[in-house]
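Read through the structure below, which is laid out as structure tokens, and then see the notes.
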Amino acid sequence: MKYSSILGKCTLLLLALLLSVGISHAQEMSLNEAKSAGLIGEGRDGYIALVQQNVPEQVRELVQRVNRERRERYQEIANENGVALRDVARLAYARAVEATQPGHFVQDDQGNWLRK
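For the sequence shown, the positions run -26 to -1, 1 to 90 when mature numbering (1 follows the signal peptide of the UniProt record, and there is no 0) is used.
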């Protein structure tokens, strides 16, 4: 299957994913607060990652929880479309970068953190 075909099949599903990551309102606020504080950002692998290593345990737990939920959703999308999980995560990353608020961090292809 051509990569462009994979992207086309997953685009609508990933837009829905961005709208419903499966995070409660309280978690979402914590996620946004952690992003605004520069503690976490959108990793190049399609998952949340620590921008700084010295973060409270609550932030680490939030990252693990959000990433577990993302991975489950990515896997559902991959299974529904017959594509690899990594391809779904890669497309989700591209969409997440577009949706990232100014001042929040994203990881570039080389693994460097950039403030949007």
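By construction, the Cβ of each residue, glycine as well, lies at the ideal position given by its N, Cα and C atoms.
Please read these numbers as outputs of a predicted model, since none were measured by experiment.
C-beta contact flag for residue i and residue j at 8 Å
i, j, result
"Val80", "Glu16", "yes"
"Arg44", "Tyr67", "no"
"Leu24", "Leu36", "no"
"Leu59", "Ala52", "yes"
Secondary structure of residue i, DSSP reduced to three states
i, result
"Leu13", "coil"
"Arg89", "strand"
"Ala8", "helix"
"Val25", "coil"
"Arg84", "Position check: residue 84 holds Gln in this sequence, whereas Arg was assumed. In this structure, Gln84 counts as coil in the three-state DSSP scheme."
Sequence-distant residues of the same chain with beta carbon closer than 7 Å to residue i, five excluded per side
i, result
"Glu2", "Note on Glu2: pLDDT 46, under 50, position unreliable in the model; the coordinate value appears next. Counting only Cβ-Cβ distances below 7 Å, and skipping sequence neighbours, we find nothing."
"Trp87", "Gly15, Val25, Phe79 and Gln81"
Sequence-distant residues of the same chain with beta carbon closer than 8 Å to residue i, five excluded per side
i, result
"Asp83", "Arg18"
For residue j and residue i, believed in contact at Cβ under 8 Å, the rounded distance
i, j, result
"Leu65", "Val40", "With a Cβ gap of about 18 Å, Leu65 and Val40 do not count as contacting."
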